[in-house]
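A.B. asks:
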Amino acid sequence: MRLLLAVAVAALLLSVAVLIFLLPPIVHALLDLSGAPAVLGSDPVTAHRLSDALVTDLLRGGDFAVRFGDATLLSAGERSHLDDVGAMLRAVLGAGLCGVLLLGAAIARNGGPTTGAGRLRLGQALRDGALLLAGGAAITGLAFAVAFQATFAFLHSLVFASGTWTFNPATDRLVMLYPDAFWIAVSLSFCLVLVVGGCIAFVIGRRLVTTRR
């Protein structure tokens with residue numbers, strides 16, 4: 005049960021981090037930082053609008069048929085890949101919701117968060133889950149920093165079918181809107197957020213356990 009609750013907390017923290025990096029101000033800043041508008045051949049406002057439409061479709065399961073000028077922005081292959089990405093994102097967010105429900109049920113079974121047993125269960129879950137997530141994020145972040153392309157390709161190969169996620173940066177607009185510089189910034193900052201969030205959860209969890217004792 006303790007391991008299951010640790011996984012639940014890790015899933016919750018991961019889903020919160022994912023939501024942070026789907027927020028328009030965060031995405032817009034990363035697009036501008038990576039020079040994405042210039043790579044796409046548009047102005048920042050247009051690039052932001054296109055990205056917002058794609059993110060909305062990721063979350064709701066849309067068709068990714070946003071238009072750029074007189075044509076659809078993305079090819080059929082690019083839209084198919086985003087279908088896969090959207091399914092994965094929604095699964096991650098669903099896992100986070102399940103983590104909340106599981107953690108809440110476990111605390112309730114121990115008398116609620118105001119009881120000593122409930123605080124102990126919550127503290128252990130936060131501490132263990134934080135260690136699990138922060139450790140994985142630190143290792144992944146180091147791998148990205150040392151060998152970004154190899155790590156990016158390896159992680160994609162784990163979740164996406166071969167040939168469905170490789171695109172030509174000279175012709176495919178998905179990788180023009182989200183160039184390598186964008187993904188480098190996202191990957192490193194995302195892992196940093198996970199580590200920081202894990203550290204905060206660990207400190208809170210340790211205090212709850214110490215108070216209980």
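Residue 5 is where the sequence shown starts when you use the numbering used here, and the numbers rise one by one after that.
Think of the CB as a built atom: it goes at the ideal place given N, C-alpha and C, for glycine as much as any other residue.
#1: Where do the N-terminal and C-terminal ends of the alpha helix (DSSP H) with P28 fall, by residue?
#2: Please work out which residues of its chain come closer than 7 Å, Cβ to Cβ, to L196, disregarding the five sequence neighbours upstream and downstream, and give them in chain order.
#3: Contact check, A110 vs R125 under 8 Å by CB: the rounded distance?
#4: Below 8 Å on the Cβ atoms is my guess for L212 versus G127; work out the distance and round it to an integer in Å.
#5: Three-state secondary structure (DSSP) at A75?
#6: Measuring straight from C-alpha to C-alpha, what distance separates S193 and S55?
#7: Within a Cβ cutoff of 8 Å, which residues of the same chain sit near P183, ignoring the five residues on either side of it in sequence?
#8: Round the Cβ separation of V13 and A205 to the nearest angstrom and send it over; I've been treating them as touching at under 8 Å.
C.D. replies: Let me lay it out:
#1: P28 to S38
#2: G145
#3: 6 Å
#4: 3 Å
#5: strand
#6: Looking at the two C-alpha atoms, the distance is approximately 19 Å.
#7: S38, G39, A40, V43 and P173
#8: With a beta-carbon spacing of about 7 Å, V13 and A205 fall inside the 8 Å limit used to define contacts.
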